[in-house]
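324 is the number of the first residue of the sequence shown in this note's numbering; add one for each residue after it.
We put the beta carbon where it would ideally sit given N, CA and C, even for glycine.
Let me begin by presenting the structure, written as structure tokens, before commenting on it.
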Amino acid sequence: MIVDVRSRDGDAETASERDLFVLIRDFEEFVNSAARLPLTSKVILDEDDVYAFLDHLRQLLPEELDRARRLLAERDRLLQQARSEAESMVRQTESYIERLTREAEITRKAEEHARRILAQAEARAREIRASANAYAEDLLERVGGVLRKAMAAVEEGRQELRATLAAAGAGGEGTAEEEAAAGSDRDDQERGTAAS
């Protein structure tokens, strides 16, 4: 049974509309449902479907990387905002201290109150910074995991395709040589496309 990774349940979807996780799941289903060679662990994959998956993957990866860049930019913005808020609160605290300490009888209260405000400002800045860093780190880790899984799936698909072509061509030397040459040409084209 061949599963068309270019279309799921008859819906024509563009690469920009597809989620990377869904694409990986579809490819796994595609491999799991493929016809198997008797007495082996090899499966027969449709070449057009494999290349269609690779095309979708190429279109999705830049989107995921762009999303990661946006998250990093958002983290930097939150950190800058936290620094600005902390600096503003510190300036307000210093101004408040200066006003209160002009009167000797309330100097102690002014310093105590200022310390509380400063501690709150620093705690707030630490909280925002920690939250932003944790959020960005989690997202980057998930994106990295997706990319690693996608590349592993691509490599596995390529190996399965080569093995299938080799097994299919075992019946005739001329056919095997032609298919090996065609596979080499496709690899060259694939590398040329990736390089561009």
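With 16 other Cβ atoms within 10 Å as the buried cut-off, status of residue i
i, result
"T363", "exposed"
"I429", "exposed"
"A493", "exposed"
"L395", "exposed"
Nearest-angstrom Cα separation, counted from residue j out to residue i
i, j, result
"Y458", "Q443", "22 Å"
"Q382", "A375", "11 Å"
"P361", "V469", "33 Å"
"L484", "E387", "26 Å"
"L463", "E351", "23 Å"
"A358", "A491", "13 Å"
"K472", "L343", "10 Å"
"V326", "D372", "A caution first: V326 carries a pLDDT of 38, below 50, which makes its placement in the model unreliable, though a value can still be read off. Approximately 8 Å between the Cα atoms of the pair."
"E435", "E397", "35 Å"
"T487", "K365", "7 Å"
"D461", "D399", "15 Å"
"M474", "E450", "36 Å"
"R431", "S407", "28 Å"
Residue i in three-state terms, based on DSSP
i, result
"A457", "helix"
"A358", "strand"
Residues near residue i by beta carbon distance below 8 Å, same chain, minus five either side
i, result
"E417", "A437"
"E479", "V354"
"R425", "none"
8 Å contact criterion, which residue i and residue j should meet: CB distance rounded
i, j, result
"A448", "A405", "5 Å"
Close-in-space but distant-in-sequence residues of the same chain around residue i (CB under 7 Å, 5 per side omitted)
i, result
"R465", "none"
"V413", "L441, A444"
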